[in-house]
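Peer 1: Next up is a structure, given as structure tokens.
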Amino acid sequence: MTTELTTRENDLLNIVNNRTKIDVNELAELLSVSKVTIRKDLDRLESKGLLQRKHGYAMMNNVDNISYRLANHYEVKKKIAQLAVQSIQDNETIMIESGSTCALLAEEIAATKENVTIITNSFFIASLVGKYNSVRIELLGGSYQSESQVTVGPIAKQNLTNFFVDKLFIGTDGFDRTIGFFGNDIMRAEMVQTMAKSSKHVIILTDSSKFNEKSFVKQFNVQAIHEVYTDSGLDEKTSAFLSDNGIRLHTV
């Protein structure tokens, strides 16, 4: 499985993401292609889990679904992953949690690195890159969340006591300068906090839109994060705040 998309498919995803649900015939008109072509594009995107087709409409997946999150700001996330992969060496062991940009990072690792071991709680990531000989997956067991395709809970956290790595790559669902970084699920937030205890450096991969959002579960204090990979849409005040708090910032 590869998530590499054409320019038209990216445009299609952006339209469906903005509209949530749209008639297939209208999509063909907006993209100036035939209905046959748009149906082929939709078949391909649906086979990747990036959207759904129902009764003549194209629509996004559930917002908590990893495929939905992957499709949202896809092109920016891909560029962030391509920058972040440069920090990873052949033969390295790293930890990756279940964020959508993290999934694209795992794919970049599989495509460009050799003999990298990825410790993860994400079944989606395991499925995405498991066919590559260039990576080895150590999948953490535990209670399974079907929408996000991750393991959480006490068994998964206990498994983490067997590992320690130099780098942990995570996503985030929101940010506040006073509170720090947010998640949107308490079980996943607890899981990533435990993963951080088994890592020397915690690195966030996220598109800049997340810095304008807040969620309801505290994930990390600013001081717990060592690096952030994001895009140039990050505002200057937030950028300066992160740097002033010792976070190394990388932008695409």
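Residue numbering for the sequence shown follows the UniProt record's numbering, beginning at 1 and increasing consecutively.
Even glycine gets a Cβ: it sits at the ideal position worked out from N, Cα and C.
All values reported here derive from a predicted model rather than from experimental measurement.
Can you name, in chain order, every residue of its own chain whose Cβ lies under 8 Å from the Cβ of D231, other than the five neighbours on each side?
Peer 2: V76, K79, I80, D207, S208, T251 and V252
Peer 1: Run through the segment 69 to 148 for me and flag every whole beta strand (DSSP E) of 3 or more residues, listed as ranges in chain order.
Peer 2: 93 to 96, 116 to 120, 135 to 139 and 143 to 145
Peer 1: Could you check which residue in N184, V165, R177 and K214 has the C-alpha nearest to that of V202?
Peer 2: V165
Peer 1: Can you grab the Cα-Cα spacing for the pair V116 / A196, in whole Å?
Peer 2: 19 Å
Peer 1: Assign H73 to one of two classes, buried (16 or more other C-beta atoms within 10 Å of its C-beta) or exposed (fewer than that).
Peer 2: buried
Peer 1: Output the distance between the C-alpha atoms of G246 and H226, rounded to the nearest integer angstrom.
Peer 2: 7 Å
Peer 1: Whose C-alpha, out of I88, D43 and S122, is nearest the C-alpha of E108?
Peer 2: I88
Peer 1: Classify S239 as helix, strand or coil using the three-state DSSP reduction.
Peer 2: helix
Peer 1: So the alpha helix (DSSP H) T194 belongs to, where does it begin and stop?
Peer 2: I186 to K197
Peer 1: Within 7 Å of any Cβ in chain D, is that where the Cβ of G99 sits?
Peer 2: In the displayed structure, chain D is absent; only one protein chain is listed.
Peer 1: Assuming V16 and L51 are in contact, meaning their beta carbons sit under 8 Å apart, how far apart are those beta carbons, in whole angstroms?
Peer 2: 6 Å
Peer 1: With distances taken between CB atoms, is the gap from E213 to G180 smaller than 7 Å?
Peer 2: No.
Peer 1: Taking Cβ to Cβ, would you say K21 is nearer than 7 Å to M59?
Peer 2: yes
Peer 1: So what does I22 bridge to, in DSSP terms?
Peer 2: A58
Peer 1: Suppose you measure from the CA of M191 to the CA of L234; what does that come to, to the nearest Å?
Peer 2: A straight-line Cα-Cα distance of about 27 Å links M191 and L234.
Peer 1: Between L151 and the rest of its own chain, which residues show a CB-CB distance below 7 Å, the 5 nearest in sequence each way excluded?
Peer 2: Sequence inspection shows Thr at residue 151; the Leu mentioned does not correspond to that position. So the qualifying residues of the chain are N121, L140, G141, G142, S143 and Y144.
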